[in-house]
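Chains as they are written, first to last, in our numbering: chain A, 1 to 263; chain B, 264 to 570.
Working notes, structure below.
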Amino acid sequence: MTTLAASGRADLRIRNVVAIWMRHFTAFKKGYLIESTGILVEPVLILMAVGFGIGRLVGEVSDVSYAVFVAPGIVVGNAMWHALFECSWGAFRRMQLHRIYDSILSAPVSIPELAAGEIAWGATRALMTTVAVLAAAAAFGLIESPWGLGVVFVGILTGLVFGGMGLFFASIAPTTHSLTLVFTLVGTPLFFFGGVFFPVESLPGFLEPVARAMPLTPAVQAARGFATGSVGLREVYSILYLALLAMLFYPLATWRLRRRLVI
Amino acid sequence: MIPTAPVVRAVQLEKRYRKMVAVDRITFDVRAGETFGLLGPNGAGKTTTMRMMACISPPTSGELSVNGLDVYRHSRAIRDFLGVVAQHDGLDPDLSARNNLIVHARYYGLLGKPAEARADEVLEFFGLTAKAGDDVDNLSGGLKRRLTIARAFMHRPRMVILDEPTTGLDPQSRNRVWEQLAVLKQAGVTIAMSTHYMEEAAALCDRLVIIDHGRILAEGTPGEVVHRFAGSETAIIRVEPGAREPLVASMTQRGYHVYDHGTALVVHGRDGDRPVVDGVDATRISYRTSTLEDAFLALTGRELRDE
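Right, dumping it as structure tokens:
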């Protein structure tokens, strides 16, 4: 087993990663109109309802209007949802229901290449929604600094982290049913307690460090820093933490996929 | 045909899953240009053997080489060499039939215009041109299977591995697949396939092995296997219920496999002969030519599997 596995680990062919990515792009092109609702319409509705609706009641948070406060978090929070959904539910469906991974792995493609292609596509989806919602937020006047373009970078990084995490969960989930836990127990808590809607400082003392360690929190921190033009050491640390998580989940997902598929 | 070096060489090939032995140290060759059949009941080890050949599943022990390449060290090169049709189609429901082919070809480095041209060529050969733009989910089982086989030929492999290519197809689709495989065989493609259809194996395979419980029970041309294990003819004997038992006892004693069908006893011949039945009125015995199915049942028994 190790010898066969080693032959796949030895060389990572970018050509094959691109081929996996192209599979997703080809499938995506077919349904882009429907996809655009998830990429743009839904998050913008949330942004408007929360930013302007609730924002009017809230007033200012951290010296900015609530809409300005919440916009970057909604951008990267949405990037998380897209990458997580694509690489957990989407990947599980491809692997288990349709056995597409079996077809791909009967061709000269290795598991690390397959995983890299999946995560790259998850990050691409995160990028698409980041750009779309960021542009909408900018049009609403909610992005105060040209540094705001940096949110795109944070969106990609968020996609890589949650793509890897999603693929890891897909590779260990026994059933589609159990996979819903990824959304109820992972996605939702991160989205609501990761600093998107209120500063993590306002959580009870013992919860604050927990919230800070959660993988969406640094993304929100960095995105907010870029959007408001205040990029400091904290944002740099946040980005390094995200990069570390991305580098952790990729080999973890690859390892579990191999255990599941190479039997 | 000029005798050629084997394309697949398996020596003492073994696959274990924890304590379960799926493939029990089997030795066989597949020669260049031939159609090689793997026959056996469900759970016999056919799929496991083919997955090892396709470098999808690593052997536990033993030697296995494909096209002169060791499966332990050259997994990628072997997968590049082979076309593979797994038991499950593994088609992509998010892509059209044609895009299924084009997307798959990219994994072999075939892309752009040449990939599109090849897809159209393969669709044409498998009679799928009219379905090129269809969603895979809208195709019938037979069309899906043909598309799966078509996909395996995108990169022009000189050998294909087919795991039950016709299971679940109606007779029309099945015959269509057989015709297409025969054309590919004529073109020199080496084929290794598993099947439950004995007539399929008898018609297509140059050589075959019958495996059960992970072991090879018989090996040879379909004709050789039939003659050796079911003889030239099979006797169907209609006797009164009372006369059955002594007859079964005496035939069994003389080494024949006797099956009580309820209405009749079925006795296969062996070693090229027809069974010799004594003490029964000749009018109660009829003979028919033995088939591969007779040999298969004689070798693997009649108890149901998958239970």
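In this text, a Cβ means the ideal position worked out from N, Cα and C, and glycines have one as well.
Predicted, not measured: the structure shown is a model, and the values here were computed from it.
In the three-state DSSP reduction, B/S495 falls in the coil class, being neither helix nor strand. Ranked by Cα distance from A/P112, the first of A/V17, A/S230, A/E235 is A/V17. B/A450 and B/I365 have their C-alpha atoms roughly 23 Å apart. Counting only residues of its own chain and dropping the five nearest sequence neighbours on each side, A/A246 has a CB closer than 7 Å to the CB of L157, L160, V161, G164. Cα atoms of A/R212 and A/P146: separation of roughly 26 Å, rounded to the nearest angstrom. Spatial neighbours of A/L190 in its own chain (CB-CB distance under 6 Å, excluding positions within 5 residues in sequence) are listed in chain order as M214, L216. Shown here, B/T323 sits in coil according to DSSP, grouped into three states, outside any helix or strand.
Three or more Cβ pairs drawn from the segment 218-229 of chain A and the segment 75-85 of chain A lie within less than 8 Å of each other, which places the two stretches in contact.
With a minimum length of 4 residues, the unbroken runs of alpha helix (DSSP H) contained wholly in the segment 36-69 of chain A fall at 42-46, 55-58.
In the DSSP annotation of this structure, the continuous segment of the beta strand (DSSP E) that includes B/S457 starts and ends at 453-458. From the beta-carbon of B/V284, no residue of chain A is found nearer than 8 Å; the closest lies around 15 Å away.
In terms of CA proximity to A/F198, A/V50 leads the group A/L40, A/V50, A/L142, A/R125. Contact residues of the segment 17-34 of chain A toward chain B are V18, A19, I20, M22, R23, H24, T26, A27, F28, K30, G31 (C-beta to C-beta distance below 9 Å). If you check the CB distance, B/G483 and B/D536 do not come in under 7 Å.
The beta carbon of A/I100 sits closer than 7 Å to some beta carbon of chain B. In this structure, B/V284 is the residue among B/A268, B/V284, B/A465, B/V385 with its C-alpha nearest to the C-alpha of B/R478. Neighbours of A/R56 across chain B, judged by C-beta separation under 9 Å, do not exist; the nearest C-beta is about 42 Å away. Taking every protein chain shown into account, the CB of A/A115 has 16 or more other CB atoms within 10 angstroms, so this residue is buried.
Where A/Q96 is concerned, there is no enclosing alpha helix (DSSP H), because DSSP gives it neither an H nor an E. Going by C-alpha positions, B/G300 is about 12 Å away from B/V488. Taking C-alpha positions only, B/R501 is separated from B/L358 by approximately 57 Å. Residue state for B/G300 is assigned as strand, using DSSP reduced to three classes. With its beta carbon at least 7 Å from every one in chain B, A/S36 lies outside the interface. B/K394 is positioned such that its CB atom lies no closer than 7 Å to that of B/A368. Counted as a single uninterrupted DSSP element, the beta strand (DSSP E) harbouring B/S549 occupies residues 548-552.
Taking CB atoms only, B/N362 has a neighbour in chain A less than 7 Å away.
Taking C-alpha positions only, B/V286 is separated from B/R279 by approximately 7 Å. Taken through DSSP and simplified to helix, strand or coil, B/A527 comes out as coil. A/R15 reaches chain B at G372, counting residues in chain order whose Cβ is nearer than 8 Å.
Residue nearest to A/S238 within the set A/L97, A/A91, A/F153 is A/F153 (criterion: CA-CA distance). Apart from sequence neighbours up to five positions away, the residues of its chain that approach A/F168 with a beta-carbon distance below 8 Å are F249, L252, A253, R256, ordered along the chain.
A contact is defined here as three or more CB-CB pairs under 8 Å, and the segment 403-410 of chain B meets this definition with respect to the segment 424-444 of chain B. At a beta-carbon threshold of 7 Å, the residues of chain B lying near A/L105 are I319, ordered along the chain.
Rounded to the nearest whole angstrom, the CA to CA distance from A/A135 to B/R421 is 52 Å.
In this structure, the CA atom of B/V347 is about 26 Å from the CA atom of B/R568.
Per DSSP, the beta bridge partners of B/K278 are B/V286.
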